[in-house]
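Residue numbers (our numbering), protein chains in the order written: chain C, 1 to 232; chain H, 1 to 220; chain Z, 1 to 252.
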């Protein structure tokens, strides 16, 4: 379809066509949220275990957890997704994942590697002396963990956690490739229905940028309101 | 299992991945240097407008950027652009967003006395920026730039979606030929791992040699 | 294992205590005793093992050989509850080690509420009682980062005292403070000593030792070289090395 440069102006008007499909975009956004929240939760929990494993004195545990982190940090998420969605079912007869759960698994596992680094940094950032003081006051292991280590570490890693959540939301877009009906996939749908691919993707990009910005601002706000003091 | 030819195909894919990544890295860094200087400016208008640039290219998925360029280019130019050009432009812009921030931090890490003494000697801004600040900034920027390179190599896998042939697309192709899905992807993953891990170790080594800079390691 | 009756007159009893860090023999057969209501000062060059020694009193550092009975508990017996022992032993660190994410008040009441299971109001009452005594009550809701070094150390001491321990240990409490802040802390410690609290203090502040300590022990290279009554140890020790060290740290 030949278009002269003058018709670029026409495209501004065509952005309006998208308004008819906002409900599809919204449905996609809900799936993105569901996916991202699940990924963040599972990724963080997994990350805690991996972080503890990496700090372990047991050489074997330390080695395997380090390998886990290094592999996941150096392999593209898309490939991990393919391996879980296509690769594993091809090996095990009768097993198949639906796109949503394959995505959750792939993204959580990937995220857990980064989370474990963040958490490990937080735990290490707490000086040994503070923990000794807590024990000297007769607090028990679990109490030291719950009242001293976790609150202090949380404040240290809060910013990084926020960045990680934004990264998860942005990264969730690749699950459209395995046909998960999240934001990007739905945008592709709208694009093929209206043939306004360019416009819908510009809108999509803005949506992601705004989402990321809102989330970062939210994290900063919570930090300001609830997590005083932060200059540790 | 794969036969020899198929393995060679994967290696070819790896080569293409590295090509696009390094090319994109170089072009993106050049743009990134310019934007980085803008970001490090004292002028709040320049600082914030360049921030918008960075927020767009760092704050949105590469996949979307690829789609926009893939569908947008035929509008601007009246012919079909190759997947390579599309991928190259997208990777370049994406990289420039990250490198802009890397250079911003590197420039700001240089003591302000460098600027002050250069100005007192009567040197104009372009000369100061190019001859005095930039060489120092390049050295400081090297370790985090390695991190960005690893990021680009991994994210280049997305270009497979718009038809650019690199390692990930190659593994899809081989998979279709051989039906050994898991093995193909596993070997492709291994190839990515070897390359990226090796580069990250290089980055660690460089960081030790350059030593003692306050730029926090950006973990991707 | 808790001992009864007359033995409680002796707060710390160390017999032939040995400790190794790897190949390093840091404590070489220490014999040491502290009676109830006594204030004992331990001094010596850095690396002599004195810090390690008092950290064995509440189980922060294990020992490999010997007997150590603190506040009636056999510290390194497997049947001893460290948690219960630590309710009776307070330790004040050189670098205060306050919890930065908690207010001064919470720093003090945390262990009272969670370990001794006091109600919040009761715990805060005790905390305020001590804070008033050191004139830091208005800082109760502040965070440690807004306090000066001397204030932080006094809060750390109060935090330990609030647990009502049978013995208070001080590991170089003023070494990390600016000179003008040391006085307040030492005064507080002197008051505590006069009130009859059993104290073991690692310090080089000989002025404090002279005013408050009943005995002084000189530590060097993992052994107690000499110990005795304060005035004698400071001005006229028997041992040549002791004499040399005392001369070096001087009297302020």
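All residues carry an ideal CB built from backbone N, CA and C; glycine is no exception.
* Asked: To which residues does DSSP link residue 90 of chain Z through a beta bridge?
  -> For residue 90 of chain Z, which the question treats as bridged, DSSP gives the partners Z:168.
Exercise for review: Return no unless some Cβ of chain Z is closer than 8 Å to the Cβ of residue 187 of chain C.
Suggested key: It does not; no Cβ of chain Z falls within 8 Å.
Would you call the region 59 to 69 of chain C and the region 128 to 139 of chain C in contact, with 3 or more CB pairs under 8 Å? These segments do not touch.
Notebook entry, point to check: Candidates Z:121, Z:174, Z:102: which alpha carbon is nearest residue 145 of chain Z's?
Noted result: Taking only the C-alpha atoms, the option nearest residue 145 of chain Z is Z:102.
### Contact list for residue 111 of chain C against chain H, beta-carbon separation under 8 Å
Within chain H, no C-beta atom comes less than 8 Å from the C-beta of residue 111 of chain C; the nearest is roughly 12 Å away.
Pick out whichever of Z:166, Z:117, Z:126, Z:187 has its Cα sitting closest to the Cα of residue 151 of chain Z. Residue Z:187 is the option with its Cα nearest to residue 151 of chain Z.
Quick check on the burial criterion: 16 or more other C-beta atoms within 10 angstroms. Buried or exposed for residue 50 of chain C? With 16 or more other Cβ atoms from the protein chains shown falling within 10 Å of its own Cβ, residue 50 of chain C counts as buried.
Output, in chain order, the set of chain C residues within a Cβ distance shorter than 9 Å of residue 55 of chain H. Chain C residues near residue 55 of chain H: 209, 212, 213.
Inspect the beta-carbon positions of residue 82 of chain H and residue 35 of chain H and report whether they are closer than 8 Å. The answer is no: Cβ separation not under 8 Å.
- Task: Compare the C-beta of residue 63 of chain C against all C-beta atoms of chain H and say whether one is closer than 8 Å.
- Result: It does not: the Cβ of residue 63 of chain C has no partner Cβ on chain H nearer than 8 Å.
Report task. Return the first residue and the last residue of the alpha helix (DSSP H) that residue 60 of chain C is part of. Result -> Here the alpha helix (DSSP H) through residue 60 of chain C covers 59 to 74.
Measuring straight from C-alpha to C-alpha, what distance separates residue 199 of chain H and residue 192 of chain H?
Going from the Cα of residue 199 of chain H to the Cα of residue 192 of chain H covers about 11 Å.
Q.
DSSP three-state label for residue 19 of chain H, please.
A. Look at residue 19 of chain H here: in three-state DSSP terms it is helix.
Between residue 187 of chain H and residue 14 of chain H, which are expected to be in contact by the criterion C-beta below 8 Å, what is the C-beta distance as a whole number of angstroms? About 10 Å separates the beta carbon of residue 187 of chain H from that of residue 14 of chain H, a gap too long to meet the 8 Å contact definition.
The region 37 to 57 of chain C contacting the region 72 to 80 of chain C, beta-carbon criterion three pairs below 8 Å:
The region 37 to 57 of chain C is not in contact with the region 72 to 80 of chain C.
Mind listing the chain C neighbours of residue 161 of chain H? Cutoff is C-beta to C-beta under 8 Å, in chain order.
Chain C residues near residue 161 of chain H: 177.
Review point. When you compare each of Z:240, Z:227, Z:88, Z:239 to residue 42 of chain Z by their alpha carbons, which one comes out closest?
Key: Looking from the CA of residue 42 of chain Z, the closest CA among Z:240, Z:227, Z:88, Z:239 belongs to Z:227.
* To do: Note down, in chain order, each residue of its chain lying with its Cβ closer than 7 Å to the Cβ of residue 117 of chain C, except the 5 sequence neighbours on either side.
  => Within its own chain, the residues whose Cβ lies closer than 7 Å to the Cβ of residue 117 of chain C, once the five positions on either side in sequence are excluded, are 69, listed in chain order.
With burial defined as no fewer than 16 other Cβ atoms inside 10 Å of the residue's Cβ, what is the status of residue 276 of chain C: buried or exposed?
-> Since the first residue shown for chain C is 1 and the last is 232, residue 276 of chain C is missing from the structure and cannot be characterised.
### Message
Between residue 166 of chain Z and chain C, is any beta-carbon pair separated by less than 8 Å?
### Response
For residue 166 of chain Z, the closest Cβ of chain C is not nearer than 8 Å.
I need the DSSP call for residue 75 of chain Z, collapsed to helix, strand or coil.
The answer is coil: DSSP assigns residue 75 of chain Z none of H, G, I, E or B.
* Contacts around residue 3 of chain Z, its chain only, beta-carbon distance under 6 Å, and the 5 residues preceding and following it disregarded -> With a pLDDT of 49 at residue 3 of chain Z, under the threshold of 50, the modelled position of that residue is not reliable, and the figure given next carries that caveat. Cβ neighbours of residue 3 of chain Z beyond the five flanking positions: 72.
Notebook entry, point to check: For residue 25 of chain Z, which residues of its own chain have a beta-carbon under 7 Å away from its beta-carbon, when the five flanking residues on both sides are left out?
Noted result: Within its own chain, the residues whose Cβ lies closer than 7 Å to the Cβ of residue 25 of chain Z, once the five positions on either side in sequence are excluded, are 222, listed in chain order.
In or out: residue 236 of chain Z buried (at least 16 other Cβ within 10 Å) or exposed?
-> In this structure residue 236 of chain Z is exposed. Its beta-carbon is surrounded by fewer than 16 other beta-carbon atoms within 10 angstroms.
* Asked: Taking buried to mean at least 16 other C-beta atoms within 10 Å of its own C-beta, is residue 191 of chain C buried or exposed?
  -> Its Cβ being crowded by 16 or more others within 10 Å, residue 191 of chain C is buried.
message: According to DSSP, simplified to helix, strand and coil, what is residue 27 of chain Z?
response: The three-state secondary structure of residue 27 of chain Z, taken from DSSP, is strand.
*asked:* Using only the alpha-carbon positions, how far apart do residue 172 of chain C and residue 36 of chain C sit?
replied: Rounded to whole angstroms, residue 172 of chain C to residue 36 of chain C spans 7 Å at the Cα level.
Does the beta carbon of residue 57 of chain Z sit closer than 8 Å to a beta carbon anywhere in chain C?
-> No, no contact with chain C.
#### Entry: Backbone secondary structure at residue 127 of chain C - three-state DSSP
Correct three-state label for residue 127 of chain C: coil.
Does DSSP classify residue 67 of chain Z as helix, strand or coil?
Three-state result, residue 67 of chain Z: strand.
| field | Proximity below 8 Å, CB of residue 275 of chain C to CB of residue 208 of chain C | value | Outside the displayed span of chain C (1 to 232) sits residue 275 of chain C, for which this structure offers no information.
| field | Residue(s) in a DSSP beta bridge with residue 20 of chain Z | value | According to the DSSP secondary-structure assignment, residue 20 of chain Z is paired through a beta bridge with Z:25.
Verify whether the separation of the beta carbon atoms of residue 57 of chain Z and residue 17 of chain Z is less than 8 Å. Pairing residue 57 of chain Z with residue 17 of chain Z gives a Cβ-Cβ distance that is not under 8 Å.
Distance, residue 22 of chain Z Cα to residue 98 of chain Z Cα:
It is roughly 30 Å from the alpha-carbon of residue 98 of chain Z to the alpha-carbon of residue 22 of chain Z.
For residue 76 of chain C, would you say it is in contact with chain H, using Cβ-to-Cβ distances shorter than 8 Å as the test? True, the Cβ-Cβ gap to chain H drops below 8 Å.
To which residues of the same chain is residue 195 of chain Z closer than 6 Å at the C-beta, ignoring the five residues directly before and after it? In its chain, beyond the 5 residues on either side, no residue has a beta carbon closer than 6 Å to the beta carbon of residue 195 of chain Z.
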